[in-house]
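Trainee: For the sequence shown, UniProt numbering gives the first residue as 1, with consecutive numbering after it. Idealized CB from N, CA, C, for every residue including glycine. The structure under discussion is supplied below as structure tokens; questions concerning it will follow.
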Amino acid sequence: MDSAAGNEHVAGAAIGVGAAEAQRRQLTDADVRAIIENEVRERTAAAAEYERLGRGDAAERLRSEAEVLSRHLRPTP
């Protein structure tokens, strides 16, 4: 084998698309809701910090993102 040319391989190694993917977990509605609620909290807290630092533009962007995410928490009519 010519390792200087980059031709070495590991026996039994998986290659190709998806070879390094981990098994995915199915999320419940409660899981999704918790994730979205956390994202809203993080953006709201970060917006307050940006506002404190005089970065109103960044704060407004984060508040807008939090509002969009919040829409997914409201029950649909």
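1. Answer with buried or exposed for L73, where buried requires no fewer than 16 other C-beta atoms within 10 angstroms of its C-beta.
2. Check whether the stretch 60 to 70 touches the stretch 30 to 41, counting contact only when three or more Cβ pairs, one atom from each stretch, lie closer than 8 Å.
3. Report yes if the CB atom of R43 is closer than 7 Å to the CB atom of L62, and no otherwise.
4. How is T28 classed by DSSP in three states: helix, strand or coil?
5. Compute the Euclidean distance between the alpha carbons of R25 and R33, then round it to the nearest angstrom.
6. Would you decide whether A59 is buried or exposed? Buried here means 16 or more other CB atoms lie within 10 Å of its CB.
Mentor: Considering the structure as presented:
1. By one-based count along the sequence shown, residue 73 stands at place 73. It is exposed - the Cβ of L73 has fewer than 16 other Cβ atoms within 10 Å.
2. Contact holds: three or more Cβ-Cβ distances are below 8 Å.
3. In the sequence shown, counting from the first residue as 1, residue 43 sits at position 43. In the sequence shown, counting from the first residue as 1, residue 62 sits at position 62. Result yes, Cβ atoms of R43 and L62 sit closer than 7 Å.
4. Here residue 28 refers to the residue found at position 28 of the sequence shown. Residue state, collapsed to three classes: coil.
5. Numbered from its first residue, the sequence shown carries residue 25 at position 25. Numbered from its first residue, the sequence shown carries residue 33 at position 33. Between R25 and R33, the C-alpha separation is close to 15 Å.
6. Taking the sequence shown and counting its residues from 1, one reaches residue 59 at position 59. A59 should be labelled buried.
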